[in-house]
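Visitor: I'd like to ask some things about the structure below.
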Amino acid sequence: MAKLQLAKKKILEASWIKKLNSYSFMPVIWWTLLLVLLAYGSSLLQIKLTWRVGFIFIILNSLISYQVGKVMTDRNLKKYWLLFLPIVFLLVVLSRYAKYNLVLIIVYLIMEFFGSLKGNIYKN
Numbered sequence: 001m002a003k004l005q006l007a008k009k010k011i012l013e014a015s016w017i018k019k020l021n022s023y024s025f026m027p028v029i030w031w032t033l034l035l036v037l038l039a040y041g042s043s044l045l046q047i048k049l050t051w052r053v054g055f056i057f058i059i060l061n062s063l064i065s066y067q068v069g070k071v072m073t074d075r076n077l078k079k080y081w082l083l084f085l086p087i088v089f090l091l092v093v094l095s096r097y098a099k100y101n102l103v104l105i106i107v108y109l110i111m112e113f114f115g116s117l118k119g120n121i122y123k124n
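Numbered according to the numbering used here, the sequence shown spans residues 1 to 124.
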C-alpha cells in the first residue's frame with residue numbers, strides 16, 4: 001500500500017502533470033479519459049453486456065457527465081466543452097460498440113447540462 005501511495009505521489013509531482021493541471025479545462029479531459037478507460041476496460045475485462053451498458057454506460061458515465069457539468073461551471077469554461085465528452089464517447093461507440101449506445105450521448109448531454117445548473121433546476 002505504501003508503494004502505491006509513493007507511486008501516486010511521484011506521478012502527481014511530475015512536472016508535466018503539474019503543467020497539464022494548470023489549465024482550467026484539464027479536469028474535463030481527465031473525466032473524459034476515465035470514461036474512455038471504463039468503456040474499453042470493461043470490454044477488455046469481458047464484462048457482460050448487461051453490466052456494461054446498465055452499470056458502466058448508464059450509471060457511472062452519467063455520474064461522470066454530471067461531474068463534468070459541475071466542473072465546467074466552477075471553472076467558468078466555455079459552453080462548447082459540453083460537447084467534448086459526448087463526441088469522445090461517439091468515437092468510442094463507433095469504434096467498438098453497437099449503434100444503440102449512441103442514444104447515451106443524449107443522456108450524457110442532459111446530465112452535463114444538469115451538472116452545470118448547480119442545483120438551480122427549478123429556479124427561473
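By construction, the Cβ of each residue, glycine as well, lies at the ideal position given by its N, Cα and C atoms.
The structure displayed is predicted, hence computed values, not measured ones.
Which same chain residues end up closer than 6 angstroms to SER116 when comparing Cβ atoms and leaving out the 5 residues on each side of it in sequence?
Guide: Here residue 116 is taken as the residue at index 116 of the sequence shown, counted from 1. Cβ neighbours of SER116 beyond the five flanking positions: GLY69, MET72 and THR73.
Visitor: Of all the options TRP31, LEU6, LEU49 and ALA7, which has the alpha carbon lying nearest to the alpha carbon of TYR97?
Guide: Counting from 1 along the sequence shown, the entry for residue 97 is found at position 97. For TYR97, the nearest C-alpha among the options comes from LEU49.
Visitor: From PHE57 to LEU90, what does the alpha carbon distance come to, in whole angstroms?
Guide: Here the question's residue 57 lines up with position 57 in the sequence shown. Here the question's residue 90 lines up with position 90 in the sequence shown. Roughly 12 angstroms separates the two Cα atoms.
Visitor: The alpha helix (DSSP H) that contains ILE58, what's its start and end?
Guide: On the sequence shown, residue 58 is found 58 positions in, with the first residue counted as 1. ILE58 -> no alpha helix (DSSP H), and no H or E assigned at all.
Visitor: Could you name the residues of the same chain whose beta carbon sits closer than 7 angstroms to that of TRP182, not counting the 5 residues immediately before and after it, in chain order?
Guide: Given a span of 1 to 124 for the chain in the structure shown, any question on residue 182 remains unanswerable.
Visitor: Short of 6 angstroms in beta carbon distance, which residues of its chain neighbour ASN61, apart from the five on each side in sequence? Order them along the chain.
Guide: Along the sequence shown, one-based indexing puts residue 61 at 61. Correct list, in chain order: LEU35.
Visitor: Select from TYR40, LEU4, ARG75 and ILE47 the residue whose C-alpha is nearest the C-alpha of VAL92.
Guide: To locate residue 92, count along the sequence shown from 1; it is residue 92. It is TYR40 whose Cα lies nearest to the Cα of VAL92.
Visitor: With a threshold of 8 angstroms on Cβ separation, who are the neighbours of PHE25 within its own chain once the five nearest residues in sequence on each side are excluded?
Guide: Looking up residue 25 in the sequence shown gives position 25. Excluding sequence neighbours, PHE25 sits near ARG75, LEU77 and TRP81.
Visitor: Using the C-alpha atoms, what's the distance from ALA2 back to TYR99?
Guide: The residue labelled residue 99 in the question sits at position 99 within the sequence shown. The residue labelled residue 2 in the question sits at position 2 within the sequence shown. According to the sequence displayed, residue 99 carries Lys and not Tyr. Their Cα atoms are separated by approximately 43 angstroms.
Visitor: For ILE17, name the three-state secondary structure that DSSP assigns.
Guide: Position 17 of the sequence shown holds residue 17. Of the three classes helix, strand and coil, the one that applies to ILE17 here is helix, per DSSP.
Visitor: For SER42 and VAL53, I'd like the C-alpha separation in whole angstroms.
Guide: On the sequence shown, position 42 is the one that residue 42 refers to. On the sequence shown, position 53 is the one that residue 53 refers to. When rounded, the distance between both Cα atoms is 10 angstroms.
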